[in-house]
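Everything below concerns the one structure shown next.
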Amino acid sequence: MASSVLASCLWVLAASGTAMLPMRRQMAPGLALLVSAPLLIVWLGVQLGWWAVGIAVLAFLSMFRRPLGALLRWALGRGRAA
-15 MASSVLASCL WVLAASGTAM LPMRRQMAPG LALLVSAPLL IVWLGVQLGW
35 WAVGIAVLAF LSMFRRPLGA LLRWALGRGR AA
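Residues -15 to 66 (our numbering) are what the sequence shown spells out, left to right.
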(Lines of atoms letter the chains of each structure in order from A and count residues from 1; the text may use other names and numbers.)
(Lines give C-alpha, C1' and ligand atoms only; values in the text may rest on other atoms or scores of the structure.)
Protein backbone atom coordinates (compact mmCIF):
# COMPACT_ATOMS: atom_id res chain seq x y z
CA MET A 1 0.00 0.00 0.00
CA ALA A 2 1.27 3.44 -0.87
CA SER A 3 2.26 5.59 2.08
CA SER A 4 -0.01 8.38 0.82
CA VAL A 5 -3.01 6.04 1.03
CA LEU A 6 -2.17 5.18 4.63
CA ALA A 7 -1.76 8.88 5.48
CA SER A 8 -5.10 9.60 3.79
CA CYS A 9 -6.83 6.92 5.84
CA LEU A 10 -5.38 8.42 9.02
CA TRP A 11 -6.51 11.88 7.86
CA VAL A 12 -10.08 10.59 7.39
CA LEU A 13 -10.07 9.04 10.87
CA ALA A 14 -8.79 12.31 12.35
CA ALA A 15 -11.48 14.26 10.47
CA SER A 16 -14.19 11.90 11.71
CA GLY A 17 -12.93 12.22 15.27
CA THR A 18 -12.83 15.99 14.96
CA ALA A 19 -16.42 16.04 13.70
CA MET A 20 -17.53 14.31 16.91
CA LEU A 21 -16.08 17.06 19.09
CA PRO A 22 -18.23 19.93 20.36
CA MET A 23 -18.22 22.85 17.92
CA ARG A 24 -16.03 25.09 20.08
CA ARG A 25 -13.32 22.39 20.16
CA GLN A 26 -13.38 21.67 16.42
CA MET A 27 -11.69 24.88 15.30
CA ALA A 28 -7.98 24.09 15.84
CA PRO A 29 -7.96 20.48 14.62
CA GLY A 30 -10.35 21.38 11.79
CA LEU A 31 -8.05 24.15 10.62
CA ALA A 32 -5.06 21.79 10.71
CA LEU A 33 -7.00 19.24 8.65
CA LEU A 34 -8.13 21.93 6.21
CA VAL A 35 -4.54 23.11 5.66
CA SER A 36 -3.05 19.62 5.38
CA ALA A 37 -5.62 18.29 2.90
CA PRO A 38 -4.24 19.94 -0.27
CA LEU A 39 -0.74 18.68 0.53
CA LEU A 40 -2.07 15.18 1.06
CA ILE A 41 -4.09 15.33 -2.16
CA VAL A 42 -1.01 16.36 -4.16
CA TRP A 43 0.96 13.53 -2.55
CA LEU A 44 -1.78 11.09 -3.60
CA GLY A 45 -1.59 12.44 -7.13
CA VAL A 46 2.17 11.99 -7.31
CA GLN A 47 2.03 8.41 -6.07
CA LEU A 48 -1.20 7.13 -7.62
CA GLY A 49 -2.17 9.41 -10.49
CA TRP A 50 -4.71 12.08 -11.22
CA TRP A 51 -7.73 9.81 -10.88
CA ALA A 52 -6.92 9.57 -7.16
CA VAL A 53 -6.77 13.37 -6.99
CA GLY A 54 -10.27 13.61 -8.43
CA ILE A 55 -11.69 11.18 -5.88
CA ALA A 56 -9.83 12.87 -3.01
CA VAL A 57 -11.00 16.35 -4.03
CA LEU A 58 -14.62 15.17 -4.15
CA ALA A 59 -14.27 13.58 -0.71
CA PHE A 60 -12.62 16.72 0.68
CA LEU A 61 -15.32 19.00 -0.70
CA SER A 62 -17.99 16.70 0.69
CA MET A 63 -16.49 16.71 4.19
CA PHE A 64 -15.71 20.44 4.32
CA ARG A 65 -18.63 21.88 2.35
CA ARG A 66 -19.93 24.08 5.18
CA PRO A 67 -16.57 25.47 6.38
CA LEU A 68 -15.47 26.11 2.80
CA GLY A 69 -18.79 27.83 2.05
CA ALA A 70 -18.39 30.05 5.10
CA LEU A 71 -14.80 30.84 4.11
CA LEU A 72 -15.91 31.72 0.59
CA ARG A 73 -18.69 34.00 1.87
CA TRP A 74 -16.23 35.70 4.20
CA ALA A 75 -13.68 36.15 1.39
CA LEU A 76 -16.32 37.68 -0.88
CA GLY A 77 -17.50 40.02 1.87
CA ARG A 78 -20.92 38.44 2.16
CA GLY A 79 -20.70 37.48 5.82
CA ARG A 80 -23.69 37.37 8.08
CA ALA A 81 -25.29 40.68 8.92
CA ALA A 82 -24.80 41.73 12.53
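Even glycine gets a Cβ: it sits at the ideal position worked out from N, Cα and C. Since the model is a prediction, treat every value here as computed from it, not as a measurement.
Straight-line spacing of the CA atoms in Leu5 and Ser46 works out to 19 angstroms. When the Cα atoms are used, Trp34 and Leu28 turn out to be separated by approximately 8 angstroms. Leu32 is positioned such that its CB atom lies closer than 8 angstroms to that of Ala(-14). Spatial neighbours of Val37 in its own chain (CB-CB distance under 7 angstroms, excluding positions within 5 residues in sequence) are listed in chain order as Ile25, Leu28 and Gly29. Going by DSSP, Pro6 is part of no alpha helix (DSSP H) at all; its letter is neither H nor E. Residue environment for Ala12: exposed (fewer than 16 other C-beta atoms within 10 angstroms of its C-beta). Exposed is the label assigned to Ser0, since fewer than 16 other Cβ atoms lie within 10 Å of its Cβ. The three-state reading of DSSP puts Gly53 in helix, counting H, G and I together.
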